[in-house]
Amino acid sequence: MTARGTVAARREVAMGACRRRALFPGTFDPPTCGHREIIVKAAPLFDELIVAVAVNPGKRPLFTAKERVQMLERIAAPLGCVRAASYAGLTADFARAEGVQALVRGLRSCEDLAAERELALGNEALGSGLPTIFLLASGAGAQVRSHLVREMIAAGELEAAEAFVPEETRDLLRAFVTRRLRRAGGRRRARPPRRG
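If you read the sequence shown in the working numbering, its first letter stands for residue 41, the second for the next number, and so on.
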């Protein structure tokens, strides 16, 4: 190996050790257009962005962690440097295990900032100074929370709910909802999407 090749190899190893890695944690039940916007904005800022479903035993999500990860994988696929995962426990512990240098959080409004600031300070204390980077969600549908999407689905308004989830995840969302309806014996009927 030439001296130039050796230097290049060392630089490559050093760069691997200095990769900028961030974590965008959330419930993502389901991922919305606002979540997608934050992922797309954050991806070019880091060498790797981990979008992770936080599994909270105190919550009863509509979609399983596996289903939410599948939807996030669809969003991540064209971005290359983004991967989807899930975890249980403290976000700071997962971030440390993944070698993350920063957390990413999305803000829809001033009201979000107060709650997110509290979480950021807690994660910073638990994560030995792990900073949180806030990005604004401003696109169409970015103001809609996952909670509203779940309410629409529960009311049988699947087509209305689909307007607030990324296009690349709509078929999965529809399949997951249809499967639940079959299991429940069709007690709640989601209106099928209009054709035409």
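Glycine included, every Cβ here is placed at the ideal spot set by N, Cα and C.
- The region 152-171 makes no contact with the region 191-201: fewer than 3 CB pairs, one atom from each, lie closer than 8 Å.
- For glutamate 88, the enclosing beta strand (DSSP E) stretches over residues 88-95.
- The beta carbons of serine 149 and threonine 67 sit about 18 Å from each other, so the pair does not count as a contact at 8 Å.
- When C-alpha distances from leucine 89 are compared across Gln183, Cys121, Glu77 and Ser126, the shortest belongs to Cys121.
- If you check the CB distance, phenylalanine 204 and cysteine 73 come in under 8 Å.
- The region 133-153 makes contact with the region 79-97: 3 or more CB pairs, one atom from each, lie closer than 8 Å.
- In this structure, valine 140 places its C-beta atom within 8 Å of the C-beta atom of alanine 62.
- Cβ contact annotation for alanine 182 (same chain, cutoff 7 Å, sequence separation greater than five): Cys73, Gly74, Glu77 and Arg148, in chain order.
- Cβ-Cβ distances below 6 Å link proline 171 to Ala142 in the same chain, with the five nearest sequence neighbours on each side left out; the list follows chain order.
- In its chain, beyond the 5 residues on either side, Pro70, Thr72, Ala201, Phe204 and Val205 have a beta carbon closer than 8 Å to the beta carbon of valine 189.
- Straight-line measurement puts the Cα of alanine 124 at about 15 Å from the Cα of leucine 212.
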